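Participant:
There are 2 protein chains.
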Amino acid sequence: MADYREMWKKLNINLEKHDQLCEVLPELYGSVYLQQEDRPEGMNYFNYVVSEVHGARIQELEEHKKNGGKVIGTFCVFVPDEVILATGALGVGLCAGSQFWIEDGEKVLPKNLCPLIKAFTGAKIGATCPYFQSCDMLVGETTCDGKKKAWELLNEYTPVHVMDLPQMKREKDYTMWKDEIRIFIDKMEQLTGNKVTVENLKEAIKLANKKRRALKRLYDLRKHKPSPISGLDCLLISQIAFYDDVNRFVDNVNKLCDELEERIKKGQAKEKKRLMITGTPMALPNWKIHSIIENLGAEIVVEETCTGTRYFENEVCEDGETLDDLIDNLARRYLNINCACFTPNSGRIDDILRYAKEYDVDGVIDYNLSFCHTYAVEDKSIRDMLKDKNIPVMHIETDYSTEDSGQIKTRVEAFLEMI
Amino acid sequence: MADYREMWKKLNINLEKHDQLCEVLPELYGSVYLQQEDRPEGMNYFNYVVSEVHGARIQELEEHKKNGGKVIGTFCVFVPDEVILATGALGVGLCAGSQFWIEDGEKVLPKNLCPLIKAFTGAKIGATCPYFQSCDMLVGETTCDGKKKAWELLNEYTPVHVMDLPQMKREKDYTMWKDEIRIFIDKMEQLTGNKVTVENLKEAIKLANKKRRALKRLYDLRKHKPSPISGLDCLLISQIAFYDDVNRFVDNVNKLCDELEERIKKGQAKEKKRLMITGTPMALPNWKIHSIIENLGAEIVVEETCTGTRYFENEVCEDGETLDDLIDNLARRYLNINCACFTPNSGRIDDILRYAKEYDVDGVIDYNLSFCHTYAVEDKSIRDMLKDKNIPVMHIETDYSTEDSGQIKTRVEAFLEMI
Numbered sequence: 002m003a004d005y006r007e008m009w010k011k012l013n014i015n016l017e018k019h020d021q022l023c024e025v026l027p028e029l030y031g032s033v034y035l036q037q038e039d040r041p042e043g044m045n046y047f048n049y050v051v052s053e054v055h056g057a058r059i060q061e062l063e064e065h066k067k068n069g070g071k072v073i074g075t076f077c078v079f080v081p082d083e084v085i086l087a088t089g090a091l092g093v094g095l096c097a098g099s100q101f102w103i104e105d106g107e108k109v110l111p112k113n114l115c116p117l118i119k120a121f122t123g124a125k126i127g128a129t130c131p132y133f134q135s136c137d138m139l140v141g142e143t144t145c146d147g148k149k150k151a152w153e154l155l156n157e158y159t160p161v162h163v164m165d166l167p168q169m170k171r172e173k174d175y176t177m178w179k180d181e182i183r184i185f186i187d188k189m190e191q192l193t194g195n196k197v198t199v200e201n202l203k204e205a206i207k208l209a210n211k212k213r214r215a216l217k218r219l220y221d222l223r224k225h226k227p228s229p230i231s232g233l234d235c236l237l238i239s240q241i242a243f244y245d246d247v248n249r250f251v252d253n254v255n256k257l258c259d260e261l262e263e264r265i266k267k268g269q270a271k272e273k274k275r276l277m278i279t280g281t282p283m284a285l286p287n288w289k290i291h292s293i294i295e296n297l298g299a300e301i302v303v304e305e306t307c308t309g310t311r312y313f314e315n316e317v318c319e320d321g322e323t324l325d326d327l328i329d330n331l332a333r334r335y336l337n338i339n340c341a342c343f344t345p346n347s348g349r350i351d352d353i354l355r356y357a358k359e360y361d362v363d364g365v366i367d368y369n370l371s372f373c374h375t376y377a378v379e380d381k382s383i384r385d386m387l388k389d390k391n392i393p394v395m396h397i398e399t400d401y402s403t404e405d406s407g408q409i410k411t412r413v414e415a416f417l418e419m420i
Numbered sequence: 002m003a004d005y006r007e008m009w010k011k012l013n014i015n016l017e018k019h020d021q022l023c024e025v026l027p028e029l030y031g032s033v034y035l036q037q038e039d040r041p042e043g044m045n046y047f048n049y050v051v052s053e054v055h056g057a058r059i060q061e062l063e064e065h066k067k068n069g070g071k072v073i074g075t076f077c078v079f080v081p082d083e084v085i086l087a088t089g090a091l092g093v094g095l096c097a098g099s100q101f102w103i104e105d106g107e108k109v110l111p112k113n114l115c116p117l118i119k120a121f122t123g124a125k126i127g128a129t130c131p132y133f134q135s136c137d138m139l140v141g142e143t144t145c146d147g148k149k150k151a152w153e154l155l156n157e158y159t160p161v162h163v164m165d166l167p168q169m170k171r172e173k174d175y176t177m178w179k180d181e182i183r184i185f186i187d188k189m190e191q192l193t194g195n196k197v198t199v200e201n202l203k204e205a206i207k208l209a210n211k212k213r214r215a216l217k218r219l220y221d222l223r224k225h226k227p228s229p230i231s232g233l234d235c236l237l238i239s240q241i242a243f244y245d246d247v248n249r250f251v252d253n254v255n256k257l258c259d260e261l262e263e264r265i266k267k268g269q270a271k272e273k274k275r276l277m278i279t280g281t282p283m284a285l286p287n288w289k290i291h292s293i294i295e296n297l298g299a300e301i302v303v304e305e306t307c308t309g310t311r312y313f314e315n316e317v318c319e320d321g322e323t324l325d326d327l328i329d330n331l332a333r334r335y336l337n338i339n340c341a342c343f344t345p346n347s348g349r350i351d352d353i354l355r356y357a358k359e360y361d362v363d364g365v366i367d368y369n370l371s372f373c374h375t376y377a378v379e380d381k382s383i384r385d386m387l388k389d390k391n392i393p394v395m396h397i398e399t400d401y402s403t404e405d406s407g408q409i410k411t412r413v414e415a416f417l418e419m420i
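From first to last, the protein sequence lines are chains A and B.
Just so we're aligned: the first sequence equals residues 2 to 420 in the working numbering.
Just so we're aligned: the second sequence equals residues 2 to 420 in the working numbering.
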């Protein structure tokens with residue numbers, strides 16, 4: 002592995018603290034990922050990406066900046082990557098998934114806040130994440146109270162542009178969201194000095210759709226019984242999708258899918274109990290629930306989360322003659338995501354039921370990061386609906402710590418016996 | 002006291018459970034309010050209102066409905082009362098402040114949610130609040146994640162109309178908010194069969210402003226040293242403002258203010274340490290913090306909360322020739338409220354500093370209902386700013402239970418000694 006200390010120093014990383022993080026990650030990855038049996042060859046690329054997570058990719062971002070490009074940090078599937086790509090900037094997803102950052106986050110945020118928000122805030126204020134250090138601008142959104150207010154704190158470190166997401170999906174809300182996308186385009190044009198045109202925005206839409214299609218292909222393969230790939234591996238791929246080079250990522254996902262198709266043809270392995278995860282996102286390196294469940298011999302075959310189907314389902318329409326057409330296409334695709342931040346959000350219930358059928362699941366885990374109010378309140382209607390359809394469901398509310406892992410394991414064990 | 006059981010039965014109140022509530026309230030009121038020394042005579046009206054809280058006022062609402070009128074329940078200072086009044090309906094504030102309702106609320110909501118939301122949901126699903134039972138429609142807003150999602154549950158019991166409040170205050174957000182007010186007008190016209198006209202909306206604006214002026218007069222009198230009225234009594238008046246008959250309420254507040262002016266002329270009582278409360282609302286009968294603080298010999302002289310200055314500051318402009326003019330006036334006044342739901346919300350910091358000077362306070366209590374993320378995250382900037390100005394500040398996060406009362410008392414005692 003190359004020595005990146007000079008680069009990290011230039012990025013004002015807190016080197017001593019960052020060293021601690023660099024020690025934790027490989028150990029965790031080894032115990033969670035590398036001990037899995039009979040992994041596809043194609044996962045080697047993703048192993049490599051993780052091993053270089055704070056190295057090779059950061060170097061690419063720095064190279065891009067040396068050539069006059071900009072790096073944009075985002076936190077949410079509602080921020081249209083296409084606009085970032087169209088202005089020649091690189092976007093990186095920054096939602097942080099490690100307990101390591103919580104302590105620093107709690108220095109400025111209340112303890113009883115969602116771990117994801119505490120983690121990304123801690124990563125920035127502790128200067129222990131090179132992605133944050135690399136960003137020229139962060140793009141926030143108004144999807145939840147905690148994030149919405151955390152932007153104000155982050156803005157003291159790096160300029161934050163906030164997109165005001167409407168809280169409903171009436172026709173007027175599409176119009177309003179289009180307007181937010183226009184403002185975001187203006188902002189990106191100012192920052193990069195590059196104009197968004199019909200041509201480059203269409204190119205960007207095609208590129209982003211290519212990523213969506215690759216992920217959709219991967220997820221469709223999981224519909225096979227048994228799935229040719231573990232939930233853990235798919236989760237990792239989804240997490241990497243947020244910050245890897247798009248073309249390279251797509252190539253490697255497609256290569257993996259070719260291999261998985263071969264596996265399916267050959268037939269293999271015994272069937273396992275199939276579970277869906279629905280709920281809040283799992284940011285890198287949050288592998289807690291997948292690890293517990295798959296170690297118990299079940300398999301996760303679909304995630305109805307922002308690090309799952311919500312990220313790649315529904316392509317942006319590529320037709321359109323004017324910028325306004327394309328912005329309209331973006332607004333419609335993005336506002337169509339069924340996040341619990343909307344009221345009402347009945348589309349999510351439809352999605353879950355459809356996936357339950359398509360992926361033929363034996364049960365559903367409603368996964369809730371602690372203190373995420375929108376998903377926590379929605380849990381009741383999700384559970385009522387699933388019970389009504391005789392689909393077993395279990396609610397898990399947890400954070401990034403390992404303190405409750407034993408208890409969760411016991412509960413999942415009981416759930417698996419029951420279904 | 003009249004016997005209201007027949008009325009309650011007609012309202013489908015859970016009588017047995019409601020009896021328990023009716024037993025708790027007078028006892029609490031006696032120990033918190035009636036033991037205060039040297040109260041103004043004018044508080045007798047408000048004592049009466051509390052003693053008849055589930056009786057006489059409900060009877061008026063029912064009378065109004067018999068005559069074809071509608072009753073509208075609201076939860077937030079952002080919902081424009083003027084629209085309700087203009088259509089001949091009566092508005093009642095429903096934010097619930099008692100621990101009594103928490104248990105029922107937790108049957109359908111997560112435990113780690115703001116007590117105010119759990120309480121109003123519990124009041125409805127347990128059928129123990131005649132105000133809820135009396136309402137033809139509830140009006141929610143998108144001011145926080147918890148409330149936004151709770152409307153979906155309440156909608157199963159009573160129709161809920163939700164106003165989508167923008168999360169910022171750019172010019173486009175005023176336009177959007179105007180549009181939401183227009184939609185609300187349409188809704189109210191449909192419900193009541195009464196048209197909103199320039200005339201009746203202007204009348205309604207004048208009436209609501211009259212209430213604002215009366216409360217402003219009362220608050221201005223608290224600027225005297227010592228204040229001629231306790232913080233407890235003022236809090237009660239603010240709470241009653243949300244559901245009492247407007248004209249009667251205004252008359253009684255003004256009568257009380259006349260008396261307070263006499264008191265000031267006479268000179269009286271010793272000076273006390275003067276505190277500001279800033280933060281989350283205190284819904285009836287949440288008197289916890291005021292009671293603890295004033296029992297320790299300090300006085301609360303101003304509340305920068307939704308049951309304080311945010312409710313009555315800034316009148317709606319009464320000029321305008323068209324409905325559009327008046328709706329514009331409403332939008333500007335209402336969106337000017339500095340709630341932590343906005344990002345950024347620097348106006349609140351300005352308000353707090355201005356009040357600290359105007360009310361000449363010795364310290365500030367930053368009061369936070371548990372799990373209210375927007376105010377909890379904003380706490381840091383509020384405290385930093387106050388410390389910067391050498392104004393002592395203390396953060397209290399609490400719910401409706403009395404479990405932490407001893408601990409809060411000890412902390413406030415130490416704070417009062419220090420300032």
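By construction, the Cβ of each residue, glycine as well, lies at the ideal position given by its N, Cα and C atoms.
On a predicted model such as this, the values are computed, not experimentally measured, just so you know.
Taking 8 angstroms as the threshold, find out whether the stretch 32–52 of chain B comes into contact with the stretch 400–419 of chain A through three or more Cβ pairs.
Facilitator: Touching, no, given that fewer than three Cβ pairs across the two stretches are closer than 8 angstroms.
Participant: Can you tell me whether DSSP reads B:I230 as helix, strand or coil?
Facilitator: As a working mapping, residue 230 of chain B is identified with position 229 in the second sequence. In the structure shown, B:I230 sits in coil (DSSP, three-state: anything other than H, G, I, E or B).
Participant: Could you tell me if A:E272 is buried or exposed, where buried requires 16 or more neighbouring beta carbons within 10 angstroms of its beta carbon?
Facilitator: What you label residue 272 of chain A is simply residue 271 of the first sequence in a count that begins at 1. A:E272 comes out exposed.
Participant: Quick one, are the C-beta atoms of B:P116 and B:D400 less than 8 angstroms apart?
Facilitator: Translated into the one-based positions of the second sequence, residue 116 of chain B becomes position 115. Translated into the one-based positions of the second sequence, residue 400 of chain B becomes position 399. A contact, by the Cβ cut-off of 8 angstroms.
Participant: Let me make sure I understand the geometry here. Which of B:K381, B:R264 and B:E61 has the alpha-carbon closest to that of A:E107?
Facilitator: In the first sequence, counting from the first residue as 1, residue 107 of chain A sits at position 106. The residue with the shortest Cα to Cα distance from A:E107 is B:K381.
Participant: Please report the residue range of the beta strand (DSSP E) in which A:H291 lies.
Facilitator: The sequence position of residue 291 of chain A within the first sequence is 290, counting from 1. That residue, A:H291, is in no beta strand (DSSP E); its alpha helix (DSSP H) goes K289 to N296.
Participant: In three-state terms, what does DSSP make of B:G123?
Facilitator: In the second sequence, the residue the question calls residue 123 of chain B occupies position 122. Helix at B:G123.
Participant: I'd like the span of the alpha helix (DSSP H) that includes B:L327, first residue to last.
Facilitator: Counting from one through the second sequence, the residue named residue 327 of chain B turns up at place 326. Start and end: L324 to L336.
Participant: Assuming B:E190 and B:D165 form a contact by the criterion Cβ under 8 angstroms, report the distance between their Cβ atoms to the nearest whole angstrom.
Facilitator: Mapped onto the second sequence, residue 190 of chain B falls at position 189. Mapped onto the second sequence, residue 165 of chain B falls at position 164. Actually they do not touch by this definition, with Cβ atoms about 19 angstroms apart.
Participant: Does the beta-carbon distance from A:G364 to A:L276 come in below 8 angstroms?
Facilitator: As a first step, residue 364 of chain A must be located in the first sequence, where it is residue number 363. As a first step, residue 276 of chain A must be located in the first sequence, where it is residue number 275. Going by C-beta atoms, A:G364 is nearer than 8 angstroms to A:L276.
Participant: Cα separation between A:M8 and A:L327?
Facilitator: In the first sequence, residue 8 of chain A corresponds to position 7, counting from 1. In the first sequence, residue 327 of chain A corresponds to position 326, counting from 1. Approximately 38 angstroms, taken between the alpha carbons.
Participant: Could you please give the first and the last residue of the uninterrupted alpha helix (DSSP H) stretch that includes B:N255?
Facilitator: Translated into positions along the second sequence, residue 255 of chain B becomes position 254. First-last of the alpha helix (DSSP H) with B:N255: V247 to K267.
Participant: Here's the rule I'm using: 16 or more other beta-carbon atoms within 10 Å means buried, otherwise exposed. How should B:K289 be labelled?
Facilitator: Sequence index remark: in the second sequence, residue 289 of chain B carries index 288 (1-based). Per the 10 Å Cβ criterion, buried.
Participant: Please classify B:K266 as buried or exposed, where buried requires at least 16 other C-beta atoms within 10 Å of its C-beta.
Facilitator: As a first step, residue 266 of chain B is located in the second sequence; it is residue number 265 there, counting from the start. Per the 10 Å Cβ criterion, exposed.
Participant: Who pairs with A:Y368 in a beta bridge, going by DSSP?
Facilitator: Taking the first residue of the first sequence as 1, we reach residue 368 of chain A at position 367. DSSP output for A:Y368 lists A:G280 and A:I397 as bridge partner(s).
Participant: Considering A:E300, what are the terminal residues of the beta strand (DSSP E) in which it resides?
Facilitator: Taking the first sequence and counting its residues from 1, the one referred to as residue 300 of chain A is at position 299. A:E300 -> beta strand (DSSP E) spans E300 to E305.
Participant: Who does A:G92 pair with in a DSSP beta bridge?
Facilitator: Looking up residue 92 of chain A in the first sequence gives position 91. Paired residue(s): A:I73.
Participant: Distance, Cα to Cα, B:N45 vs A:M283?
Facilitator: Within the second sequence, the letter at position 44 stands for residue 45 of chain B. Within the first sequence, the letter at position 282 stands for residue 283 of chain A. C-alpha separation (whole angstroms): 57 angstroms.
Participant: Can you check whether the C-beta of B:N113 is within less than 8 angstroms of a C-beta belonging to chain A?
Facilitator: Walking along the second sequence from the start, residue 113 of chain B turns up at place 112. B:N113 counts as touching chain A.
Participant: Per DSSP, which residues does A:V163 bridge with? Please list them.
Facilitator: Against the first sequence, residue 163 of chain A aligns to sequence position 162. According to DSSP, which records beta bridges pairwise, A:V163 is partnered with A:G141.
Participant: Could you please tell me which residues of the stretch 146–171 of chain B, in chain order, have their CB closer than 9 angstroms to any CB of chain A?
Facilitator: Under the 9 angstroms Cβ criterion, the stretch 146–171 of chain B contributes D146, G147, K149, K150, A151, W152, E153, L154, N156, V163, D165, L166, P167, Q168, M169 and R171.
Participant: List the residues of chain B that A:P345 touches, going by C-beta distances under 7 angstroms, in chain order.
Facilitator: Within the first sequence, residue 345 of chain A is the residue found at index 344, counting from 1. Result: E153.
Participant: Rounded to whole angstroms, how far is the Cβ of B:I338 from the Cβ of B:V78, which I believe are closer than 8 angstroms?
Facilitator: Mapped onto the second sequence, residue 338 of chain B falls at position 337. Mapped onto the second sequence, residue 78 of chain B falls at position 77. Between B:V78 and B:I338 the Cβ distance is about 6 angstroms, and since that is below 8 angstroms, they are a contact.
Participant: I want to know whether the stretch 354–364 of chain B touches the stretch 81–92 of chain B - three or more CB-CB distances under 8 angstroms.
Facilitator: Touching, no, given that fewer than three Cβ pairs across the two stretches are closer than 8 angstroms.
Participant: Are the beta-carbon atoms of A:I118 and A:G147 separated by less than 8 angstroms?
Facilitator: Counting from 1 along the first sequence, the entry for residue 118 of chain A is found at position 117. Counting from 1 along the first sequence, the entry for residue 147 of chain A is found at position 146. Yes, the pair counts as a contact, with Cβ atoms nearer than the cut-off.
Participant: Which stretch, first to last residue, makes up the alpha helix (DSSP H) that contains A:K150?
Facilitator: As a working note, residue 150 of chain A is residue 149 in the first sequence. Here the alpha helix (DSSP H) through A:K150 covers D146 to L155.
Participant: I want to verify the contact list: residues of chain A whose CB lies under 8 angstroms from the CB of B:M386, in sequence order.
Facilitator: In the second sequence, counting from the first residue as 1, residue 386 of chain B sits at position 385. Residues of chain A passing the Cβ test: none, with the nearest at roughly 12 angstroms.
Participant: Distance check for A:L110 and A:G123, CA to CA, integer angstroms please.
Facilitator: Counting from one through the first sequence, the residue named residue 123 of chain A turns up at place 122. Counting from one through the first sequence, the residue named residue 110 of chain A turns up at place 109. Whole-angstrom Cα-Cα distance: 9 angstroms.
Participant: Which residues of chain B have a Cβ atom closer than 8 angstroms to the Cβ of A:D180, listed in chain order?
Facilitator: Numbered from 1 along the first sequence, position 179 holds the residue referred to as residue 180 of chain A. Within chain B, the residues near A:D180 are K173.
Participant: I need the boundaries of the alpha helix (DSSP H) containing B:D180, first residue and last residue.
Facilitator: Position 179 of the second sequence, counting from 1, holds the residue named residue 180 of chain B. It spans E172 to T193 - the alpha helix (DSSP H) in which B:D180 sits, taken as one unbroken run.
Participant: Quick one, which residues of the stretch 377–404 of chain B are near chain A if we go by CB-CB under 9 angstroms, in chain order?
Facilitator: From the stretch 377–404 of chain B, only A377, V378, E379, D380, K381, S382 and E398 have a Cβ closer than 9 angstroms to chain A.
Participant: If you reduce the DSSP assignment to three classes, tell me which class B:R40 lands in.
Facilitator: Within the second sequence, the letter at position 39 stands for residue 40 of chain B. In this structure, B:R40 counts as coil in the three-state DSSP scheme.
Participant: How is the alpha helix (DSSP H) around A:C23 delimited, first residue to last?
Facilitator: For this step, residue 23 of chain A is matched to residue 22 along the first sequence. Here the alpha helix (DSSP H) through A:C23 covers L16 to Y30.
Participant: Could you name the residues of chain B that A:T375 contacts, counting a contact when the two beta carbons are closer than 8 angstroms?
Facilitator: Translated into positions along the first sequence, residue 375 of chain A becomes position 374. Ordered by position in chain B, the residues that pass the 8 angstroms Cβ test against A:T375 are D146, K149 and K150.
Participant: According to DSSP, B:R275 sits in a beta bridge with which residue or residues?
Facilitator: Here residue 275 of chain B refers to the residue found at position 274 of the second sequence. Its beta-bridge partners are B:E300.
Participant: Does any C-beta atom of chain B lie closer than 8 angstroms to the C-beta of A:T323?
Facilitator: By 1-based counting over the first sequence, the position of residue 323 of chain A is 322. It does not; no Cβ of chain B falls within 8 angstroms.
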